[in-house]
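The block underneath contains the structure these notes are about, expressed in structure tokens.
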Amino acid sequence: MDARLRKELPPQWVPAFDVIMPLKPSVKAMGADWVSWNLGRVDAMRAFEHEHQDILHWTVGDGEVCARARRCANALDDMLNGHALPMSKQDRLDIVLDYCERIGVEKPVATTPEGLIARAVNEQWWRRALRKKVARTVEHAAIKLGVVHHKNGGYASDEACRRRVDQNKRNADLLKRVKMRNEAGQVYSLSELAALSPSNRDIRRGELMTRIRGCEEFADANGHHGLFLTLTCPSRFHAVLSGGKSRWSKPSRNNKYEGDSPRDAQQWLCRMWAKARAKMARKGVAAYGFRVAEPHHDGCPHWHALLWFTTPEQAQMAKEIISGYWLSDAGDEPGAVRNRCKFIAMTRGGAAGYVAKYVAKNIGAEDGGDAGVGQHTDTIDGFEHVMDTREFKGWQRVDAWASTWGIRQFQAIGQPSVTVWREMRRVTKDQIDRAQLRLDFGDAAAVKAWWACHKHGDLQASWERYVGAQGGMCRKRREWMLRTAVRVNEGCKNVYDETITRKTVVGVETKAGNWLVSRRQSWASCAGEAAQDKAQREAMGRPWTRFNNCTARLTREPLRQLMQGDRPWAKPFDSEEILPLEPSRPVRAGRRAPTAPPKEQIHVIDGERTTFRMPDAGIAAAAALIRQAEVRPAAPTAPAPRAIDDASSPEFAALIARVKASAPRLRALAAAGH
Numbered sequence: 005m006d007a008r009l010r011k012e013l014p015p016q017w018v019p020a021f022d023v024i025m026p027l028k029p030s031v032k033a034m035g036a037d038w039v040s041w042n043l044g045r046v047d048a049m050r051a052f053e054h055e056h057q058d059i060l061h062w063t064v065g066d067g068e069v070c071a072r073a074r075r076c077a078n079a080l081d082d083m084l085n086g087h088a089l090p091m092s093k094q095d096r097l098d099i100v101l102d103y104c105e106r107i108g109v110e111k112p113v114a115t116t117p118e119g120l121i122a123r124a125v126n127e128q129w130w131r132r133a134l135r136k137k138v139a140r141t142v143e144h145a146a147i148k149l150g151v152v153h154h155k156n157g158g159y160a161s162d163e164a165c166r167r168r169v170d171q172n173k174r175n176a177d178l179l180k181r182v183k184m185r186n187e188a189g190q191v192y193s194l195s196e197l198a199a200l201s202p203s204n205r206d207i208r209r210g211e212l213m214t215r216i217r218g219c220e221e222f223a224d225a226n227g228h229h230g231l232f233l234t235l236t237c238p239s240r241f242h243a244v245l246s247g248g249k250s251r252w253s254k255p256s257r258n259n260k261y262e263g264d265s266p267r268d269a270q271q272w273l274c275r276m277w278a279k280a281r282a283k284m285a286r287k288g289v290a291a292y293g294f295r296v297a298e299p300h301h302d303g304c305p306h307w308h309a310l311l312w313f314t315t316p317e318q319a320q321m322a323k324e325i326i327s328g329y330w331l332s333d334a335g336d337e338p339g340a341v342r343n344r345c346k347f348i349a350m351t352r353g354g355a356a357g358y359v360a361k362y363v364a365k366n367i368g369a370e371d372g373g374d375a376g377v378g379q380h381t382d383t384i385d386g387f388e389h390v391m392d393t394r395e396f397k398g399w400q401r402v403d404a405w406a407s408t409w410g411i412r413q414f415q416a417i418g419q420p421s422v423t424v425w426r427e428m429r430r431v432t433k434d435q436i437d438r439a440q441l442r443l444d445f446g447d448a449a450a451v452k453a454w455w456a457c458h459k460h461g462d463l464q465a466s467w468e469r470y471v472g473a474q475g476g477m478c479r480k481r482r483e484w485m486l487r488t489a490v491r492v493n494e495g496c497k498n499v500y501d502e503t504i505t506r507k508t509v510v511g512v513e514t515k516a517g518n519w520l521v522s523r524r525q526s527w528a529s530c531a532g533e534a535a536q537d538k539a540q541r542e543a544m545g546r547p548w549t550r551f552n553n554c555t556a557r558l559t560r561e562p563l564r565q566l567m568q569g570d571r572p573w574a575k576p577f578d579s580e581e582i583l584p585l586e587p588s589r590p591v592r593a594g595r596r597a598p599t600a601p602p603k604e605q606i607h608v609i610d611g612e613r614t615t616f617r618m619p620d621a622g623i624a625a626a627a628a629l630i631r632q633a634e635v636r637p638a639a640p641t642a643p644a645p646r647a648i649d650d651a652s653s654p655e656f657a658a659l660i661a662r663v664k665a666s667a668p669r670l671r672a673l674a675a676a677g678h
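See below:
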């Protein structure tokens, strides 16, 4: 049994495994001492295997995981469908849940009982579940043994890093093999397309730094007060102590450790933050910024947060609230008041540098480098320790730690949606030109956001200007000026034969309901086709994309569905037709009768139909200017214009300026004094 343990367990565990074994008797000892030593070894090995959740059964490679997934799916299929007599739905559910509990994996998450059963007999679902089970079981055992610490790698064990590297290699090989063809016939591999998305480490790091810099610029422009927070867990979540105040001190086991995993510690941090955030909301304290989750050298997570508040008084109140909740659990233990919560007041223009260090060293570079920050070091008890050990770099260990325990490393707080930012970068210029004509009708924010999201000459894209276009920080979701435009397809079927509502982001929607469609291409799998080089793709020209071939966009179908419902648009260039009204309900006594909607006025300037609704006060002036420019409405029976009540009103002046800007002939007339 001893030989089996040493052969099948990871090599990094062997020194820790020797510690739990009883001491070998001396050579001169009698036979009884040797027998008791052997029995003690057997008891120690059995206790070890029991304490670490049958570790020998789960210390397997990915090939064995796939084989077990196939066996689990087939076994459940036989239990559910191998009986001659039919089974009730409840009996089938009980079998699935009992089997998952005996294996030790989380039950499938589904909306219907049929979907849960379909997942349980699917081999791919079992692969994902067993990979998570194996990785977390083995890594938790390494933490309990005291293998994970700064003298032995830190953050994550070598086995966890090796699993993550193998997983990334499998994913990269799959992306290289899969070929996709767009509408223009251009063929790309998925790895080439993924390199252009935020999954690329360099792009992800650059986008995060842009957002951090934008938050700092917004705070400096508005005179907000910044705080840098470091929040840690109670000592019972730490498996290994650093060893002391010396650089050469050896780490030691923590007697207060209760066997919790890093995921349990992360959930504790989330609960405390949820309580603190709720109390700050009740007190009227609003904060925005970023939160970064990092591991201690033993794998226990801690948070760094860069938050801005409107006034120093609100920042002080937030410090008291956060400290109160973080010290509410084991706050009387030694060092809790000094180490549990740390706050640093930020100076103007220097806040982003605090978070930039954590972003750079925890993401790494796409080529496997250190992103220009040098060696990955960690400060432990006042001393810098290098975390680039053996064949794994520090950022690889952090990546393995976050992947194993399912911990989100970076999170924005109180900021507008980054999805809208990304979609706005896909919106074409012609839509913004049309939105310029609708500035008074809710599209001013879209125009400002588009110019903020793109680089123009030497002017870089600015997250600070994008936040200003969205209406500022710390707003509710329904209060942002822009949100994603979503196409909803009901009645779709997923791979588990469940009827779902599929939602697809297609662009940006303004608060007035106008849609800006983002550029997207239609892709199809083309397995077996040869890859194309850059010259071949460029020779095919610009693809005829789903964006510029979208008849729904050209006919304004999304806007009609949003504004009109099932009612059709009025006929083009027909200023006489009034859309049919919905049947009105009888008016009760004491209530005002509903008024009919205003008549839609449609005009043509230089052969182009206007896209904005004209105010009533300016209809007559607009009609007179149109007649002077020899531009006539398409419908011959246009109604007579009404008189102008106040020609000096702001609406009339805005209308005249808009007409001048839209028609060159009218600009010439205005220059002549007409």
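If you're matching positions, the sequence shown starts at 5 in my numbering and goes up one per residue.
Using N, Cα and C, we set each Cβ at its ideal position, and we do this for glycine too.
Is residue i helix, strand or coil by DSSP?
i	result
Lys346	strand
Cys478	coil
Thr381	strand
Ser161	coil
Cys554	A caution first: Cys554 carries a pLDDT of 49, below 50, which makes its placement in the model unreliable, though a value can still be read off. Coil, per DSSP.
Leu13	coil
Arg429	coil
His144	helix
Pro305	strand
Leu424	One detail in the question is off: residue 424 reads as Val in this sequence, not Leu. The answer is helix: DSSP assigns Val424 an H, G or I state.
Thr641	Caution applies to Thr641, whose pLDDT of 48 falls short of 50 and renders its modelled position unreliable; the model cannot decide the point.
Leu3	Lying outside 5 to 678, the shown extent of the chain, residue 3 is not represented and no answer is given.
Leu659	helix
Leu149	coil
Thr351	coil
Under 8 Å between the Cβ atoms of residue i and residue j?
i	j	result
His308	Val296	yes
Lys365	Phe347	no
Val3	Ala124	Not covered by the structure: residue 3. The range shown for the chain is 5 to 678.
Glu427	Thr488	yes
Cys345	Ile326	yes
Gly418	Met477	yes
Ile207	Ala360	no
Val64	Val151	no
Ala450	Val512	yes
Arg45	Asp6	yes
Val402	Pro299	yes
Tyr292	Leu273	no
What does the Cβ neighbour count give for residue i, buried or exposed, with the cut at 16 atoms within 10 Å?
i	result
Glu143	buried
Ile24	exposed
Thr423	exposed
His228	buried
Cys104	buried
Trp454	buried
Pro255	buried
Pro238	buried
Thr508	exposed
Asp264	buried
Pro90	exposed
Gly158	buried
Thr116	exposed
Met350	buried
Trp129	buried
Val39	exposed
With DSSP as the reference, identify every bridge partner of residue i, one or two as the case may be.
i	result
Gly230	Trp312
Tyr256	It is Ser, not Tyr, that sits at residue 256 in the sequence shown. DSSP, once it has assigned bridges, lists Leu245 as partnering Ser256.
Met184	Tyr192 and Ser529
His1	This structure leaves residue 1 out entirely; the chain is present only between 5 and 678.
Leu235	Trp307 and Cys345
### Entirely enclosed alpha helix (DSSP H) segments - the region 272-298, minimum 4 residues
none
### Query
Can you give, in chain order, each stretch of the beta strand (DSSP E) that sits fully within the region 383-422 and has at least 3 residues?
387-390 and 414-417
### Query
For the region 24-102, which segments carrying the alpha helix (DSSP H) assignment without a break, of at least 4 residues, lie completely within its bounds, in sequence order?
35-55, 59-62 and 66-85
### Task
Counting only runs of 3+ residues fully inside the region 475-549, write out the beta strand (DSSP E) ranges in chain order.
486-497, 503-514 and 519-521
### Query
Where in the region 312-340 do unbroken runs of the alpha helix (DSSP H), each at least 4 residues long, occur, reported from the N-terminal end onward?
316-330
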